[in-house]
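Visitor: The letter at position 455 of the sequence shown is residue 1125 when you use the working numbering, and the numbering goes up by one with no holes. Ideal placement from N, C-alpha and C gives every residue a C-beta, glycine not left out. Since the structure is predicted, the reported quantities are computational estimates derived from the model, not experimental observations. Once you've had a glance at the structure underneath, I'll fire off some questions.
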Amino acid sequence: MKASLILRPFVGTKSDAQHGTAPQRQTRCETWQSPHGRPAMFETWRGRTLRRCLGIGLCLFSLHLTVAPAQDLTPGTTWLYQLTEGSQIIDDCPICDRLPIVEPIRGTFELRLLQQNPLFTDYAIENLWFTNASATGRTYRLAGRGVLEIGGEIAVRQSLFLNVYIYNGITNDPVLLTTNSTGVTRLWPMVQIDADQTNGTLVQQYHLDLNAAPLREMWFSTTEDFTAGIWGTPTNLVSRGDLLSIQGRRVRSNAQLARLLGVMPPVPDLGLKDFDLRAGGEIAFSFNEAVWSETLGRLLLPGDLLSDQGLVLRSNQGLIAAFNPETVPAEGVGLMAVQTMVNGETWFSVATNFFSKSLGTTVMPGDLLSDAGAVVRGNAQLLSRFKPTDPATNAGLTAVYVWPSAEIWFCTATAFSGANAAHYDAGDLLSDQGYVVYRNAELLAAFAPLKTNAPLDGLWLVTDTIPMHAPPVMRSPRPLNQPPTSFAFTWQGEGQVFQLERSTNVGGPYLPAGPIVPDTAAVDNATLDAPGSRFYRVRQW
């Protein structure tokens, strides 16, 4: 959901503000919140803020995925999709003596519910923008819209129609693509479908293979340090303890995560195992190394689940207590992957095997566990659809994300080989449904790393697939006395991450005024000197 705010410059007078009669430029700031709250209007004049009450309320809505029962789109909402591994465009010339040109493509589209009946659900595909991800020098760009239909009377089928323009480096042609009704091959909300051009010619015929997932951003960490080619020295060194975004930015440094844990300076780089986001932007995580906390008066172990708010959320012994382990080393069994489920359970993996007396079996590092004392998925189950060449393969489990459909995305600690001579490296993002989501090199590509042997270690997704219950509550904006004119915004919400957006029209479109962050505050440095209104809202996921 979203909370909204309006900053409206207007020309008034000192007498209007009870300060004389000479014309002055002022800024009016109106806060639009849930009708259940108390809306307020703020006027600023030379750094002073006056408060008046308004009788208007407005709620704007967005969606966020937590682990919960699978959801579908609701009227008035859209989900942003990203193309994943295996998406490609094929450029064929039926009468030419050449092989078809095959290029990987990446990009985004928005999915919006059109209509639903007992048999079929129709979705609008909007703001489609794809481009080829190849280094061959060829250029393909696709822009347009379409319709996706899913349903059926006997079996679930899907059909796709796209109306796009395709630029091939020479011409920009209108292209119609469609697919005959095909079976659904991936668990909703994942999409896998292909389409053939219906208005092609003897010298030009396009085909698309599309694999997509509802993603806005992916956050991750790596097992190794690496040097980013997009930054200069010394800020280009990326730590194995930093929390990163696939968009090529550092969300949190390792020092920022440890700032409130009372580790005496200089704070060493403690690494970062998997992490999770909690309500209000709190980050739960585990370090690679043991360290003493002065404020907590205890040793923080690599398997303890910590908070960037300076707390120990769960000790390593507490996480595995329900398994009734036979013996546990003093340093614990480590913590590799972690995710908090909607029912309050913590699902995780360990670094060291141990014998569970309650289960009567040995728990392995590659198993996905519940702190309720159960093995959710054995490592062999996670890998089964990849058909490892060695049936006894245990590739470990360094990162995990569980979708509402129960599909599990994960990364392994070691490489392994599968059917048809397929190879999967440590850090490749895989699905337990048997497909590659992204290769590790693509996850790091936005950083232009000078070395690529930095496998993914830790994972969290920003996705639209489940609605939140209440919009964030925006507080009074605070003007900052620094040019250009800027305002500091704060809010409170149930989301794990947030983004401040702005528009010059209350109906939108709204554009980001900053990145998606695990914060409840932001500063917009955009100048307010230009005439007209400026509207703000906060999205949460």
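If N1023 sits next to M1034, beta carbons under 8 Å apart, how far is it from one beta carbon to the other, in whole angstroms?
Guide: Along the sequence shown, read from residue 1 onward, the residue named residue 1023 stands at position 353. Along the sequence shown, read from residue 1 onward, the residue named residue 1034 stands at position 364. The pair is a contact, with the Cβ atoms about 5 Å apart (cut-off 8 Å).
Visitor: Is C1081 buried or exposed, if buried means 16 or more other CB atoms sit within 10 Å of its CB?
Guide: Walking along the sequence shown from the start, residue 1081 turns up at place 411. C1081 is buried by the Cβ-count criterion.
Visitor: If distances are taken between C-alpha atoms only, which option among S757, T1010, F1086, P774 comes closest to A1096?
Guide: Translated into positions along the sequence shown, residue 1096 becomes position 426. Comparing Cα positions, the closest option is F1086.
Visitor: So which of M934, Y837, A992, R920 has the shortest CA-CA distance to L966?
Guide: Start at 1 with the first residue of the sequence shown, and residue 966 comes out as number 296. L966 has its Cα closest to that of M934, out of M934, Y837, A992, R920.
Visitor: Closest to I916 by C-alpha separation, out of G1128, M1138, I1136, would be which residue?
Guide: Indexing the sequence shown from 1 puts residue 916 at position 246. Measuring from the Cα of I916, the nearest candidate turns out to be G1128.
Visitor: Among the candidates L1181, V826, G822, L846, whose CA atom is the shortest distance from the CA of L812?
Guide: Locating residue 812 in the sequence shown gives position 142, counting from the first residue. Minimum Cα distance to L812 is reached at L846.
Visitor: When you compare the CB positions of G918 and F993, do they come within less than 9 Å of one another, or not?
Guide: Sequence index remark: in the sequence shown, residue 918 carries index 248 (1-based). Sequence index remark: in the sequence shown, residue 993 carries index 323 (1-based). No, these two residues do not count as a Cβ contact at 9 Å.
Visitor: Taking C-alpha atoms, which residue in R1047, T1059, T1063 lies nearest to Y1071?
Guide: Here residue 1071 corresponds to residue number 401 of the sequence shown, with the count starting at 1. For Y1071, the nearest C-alpha among the options comes from R1047.
Visitor: Can you tell me whether L728 is helix, strand or coil according to DSSP?
Guide: The residue given as residue 728 occupies position 58 in the sequence shown. Because L728 sits at a pLDDT of 31, beneath the cut-off of 50, its placement in the model cannot be relied upon, and the following sentence gives the value as read from the coordinates. Reduced to three states, the DSSP call for L728 is coil.
Visitor: Start and end of the alpha helix (DSSP H) containing I990?
Guide: Translated into the one-based positions of the sequence shown, residue 990 becomes position 320. From DSSP, the alpha helix (DSSP H) with I990 extends over 986 to 990.
Visitor: Tell me the DSSP bridge mates of C766?
Guide: Counted from its first residue, the sequence shown places residue 766 at position 96. Its beta-bridge partners do not exist; DSSP assigns none.
Visitor: Rounding to the nearest angstrom, what Cα-Cα distance links V1106 and P1147 in this structure?
Guide: Locating residue 1106 in the sequence shown gives position 436, counting from the first residue. Locating residue 1147 in the sequence shown gives position 477, counting from the first residue. Roughly 45 Å between the two C-alpha positions.
Visitor: Name the DSSP beta bridge partners of S757, please?
Guide: On the sequence shown, position 87 is the one that residue 757 refers to. DSSP, once it has assigned bridges, lists no residue as partnering S757.
Visitor: Which residue from A882, L927, E964, G932 puts its Cα closest to that of A954?
Guide: Within the sequence shown, numbered from 1, the residue matching residue 954 stands at position 284. It is L927.
Visitor: Could you name the residues that DSSP lists as bridge partners for L1181?
Guide: The residue labelled residue 1181 in the question sits at position 511 within the sequence shown. Answer is R1172.
Visitor: What beta strand (DSSP E) runs, 3 residues minimum, are completely inside the segment 1026 to 1050?
Guide: You should have 1031 to 1033, 1038 to 1040, 1044 to 1047.
Visitor: Out of L1029, C766, I759, A794, which has the shortest C-alpha to C-alpha gap to V747?
Guide: On the sequence shown, residue 747 is found 77 positions in, with the first residue counted as 1. Contrary to the premise, residue 747 reads as Thr rather than Val in this sequence. Nearest C-alpha to T747: A794.
Visitor: Verify whether the separation of the beta carbon atoms of Q828 and G853 is less than 9 Å.
Guide: One-based indexing of the sequence shown puts residue 828 at position 158. One-based indexing of the sequence shown puts residue 853 at position 183. It is a contact, given that the beta carbons lie within the stated cut-off.
Visitor: When the Cα atoms are used, what is the spatial distance from W1211 to W749?
Guide: Position 541 of the sequence shown, counted from the start, is the residue given in the question as residue 1211. Position 79 of the sequence shown, counted from the start, is the residue given in the question as residue 749. Cα to Cα, W1211 sits roughly 12 Å from W749.
Visitor: Quick check: what's the CA-CA separation for S1214 versus R948?
Guide: Nothing about residue 1214 can be reported from this structure: the residues present for the chain run from 671 to 1211 only.
Visitor: Whole angstroms are fine: how far does the CA of N1151 sit from the CA of N1110?
Guide: Along the sequence shown, one-based indexing puts residue 1110 at 440. Along the sequence shown, one-based indexing puts residue 1151 at 481. Between N1110 and N1151, the C-alpha separation is close to 44 Å.
Visitor: Out of V861, I990, D761, G911, which one is the CA nearest neighbour of D843?
Guide: The residue given as residue 843 occupies position 173 in the sequence shown. Minimum Cα distance to D843 is reached at D761.
Visitor: To the nearest whole angstrom, what separates the beta carbons of V861 and L880, a pair I think is in contact under 8 Å?
Guide: By one-based count along the sequence shown, residue 861 stands at place 191. By one-based count along the sequence shown, residue 880 stands at place 210. Their Cβ separation, rounded to whole angstroms, is 7 Å, which keeps V861 and L880 in contact under 8 Å.
Visitor: Compare the beta carbon distance of F1157 and G951 with 9 Å and say whether it is the shorter of the two.
Guide: In the sequence shown, residue 1157 corresponds to position 487, counting from 1. In the sequence shown, residue 951 corresponds to position 281, counting from 1. Taking 9 Å as the Cβ cut-off, F1157 and G951 do not qualify as a contacting pair.
Visitor: Alpha carbon to alpha carbon, how far is T1135 from L783?
Guide: The residue given as residue 1135 occupies position 465 in the sequence shown. The residue given as residue 783 occupies position 113 in the sequence shown. Taking the straight line joining both Cα atoms gives about 13 Å.
Visitor: What did DSSP end up calling L1114 once you bin it into helix, strand or coil?
Guide: Within the sequence shown, the letter at position 444 stands for residue 1114. Helix at L1114.
Visitor: Smallest Cα separation from V998: which of N1064, S1026, Q867, P884?
Guide: As a working note, residue 998 is residue 328 in the sequence shown. V998 has its Cα closest to that of S1026, out of N1064, S1026, Q867, P884.
Visitor: Note the first and the last residue of the continuous alpha helix (DSSP H) segment covering Q828.
Guide: Reading the sequence shown from its first residue, position 158 is the one you call residue 828. No alpha helix (DSSP H) contains Q828, which is instead part of the beta strand (DSSP E) from 827 to 837.
Visitor: The beta strand (DSSP E) that contains N802, what's its start and end?
Guide: Within the sequence shown, residue 802 is the residue found at index 132, counting from 1. 790 to 802 is the extent of the beta strand (DSSP E) around N802.
Visitor: So, for L931: in the same chain, excluding its five sequence neighbours on each side, which residues have a beta-carbon less than 6 Å away from its beta-carbon?
Guide: Counted from its first residue, the sequence shown places residue 931 at position 261. If we look at L931 and ignore the five residues flanking it on each side, its Cβ neighbours are S963, G980.
Visitor: Please state if the CB of G1104 and the CB of R1055 are separated by a distance shorter than 9 Å.
Guide: On the sequence shown, residue 1055 is found 385 positions in, with the first residue counted as 1. On the sequence shown, residue 1104 is found 434 positions in, with the first residue counted as 1. Yes.
Visitor: Quick one: Cα of D974 to Cα of L989, how far?
Guide: If you number the sequence shown from 1, residue 974 lands on position 304. If you number the sequence shown from 1, residue 989 lands on position 319. Roughly 8 Å between the two C-alpha positions.
Visitor: If you measure between the beta carbons of E823 and L830, is that distance less than 9 Å?
Guide: As a first step, residue 823 must be located in the sequence shown, where it is residue number 153. As a first step, residue 830 must be located in the sequence shown, where it is residue number 160. Going by C-beta atoms, E823 is not nearer than 9 Å to L830.
Visitor: Among P1149, S1101, G1030, which has the Cα closest to the Cα of S1075?
Guide: Residue 1075 sits at position 405 when you count from the first residue of the sequence shown. The option with the nearest alpha carbon to S1075 is S1101.
Visitor: Mind pulling the beta strand (DSSP E) runs of 3 or more residues that sit fully within the segment 929 to 1017?
Guide: If we require 3 residues or more, the beta strand (DSSP E) runs fully inside the segment 929 to 1017 come out as 945 to 947, 953 to 955, 961 to 963, 968 to 970, 975 to 977, 981 to 984, 1008 to 1010.
Visitor: Quick one: is G1066 buried, meaning 16 or more other Cβ sit within 10 Å of its Cβ, or exposed?
Guide: The residue labelled residue 1066 in the question sits at position 396 within the sequence shown. G1066 should be labelled buried.
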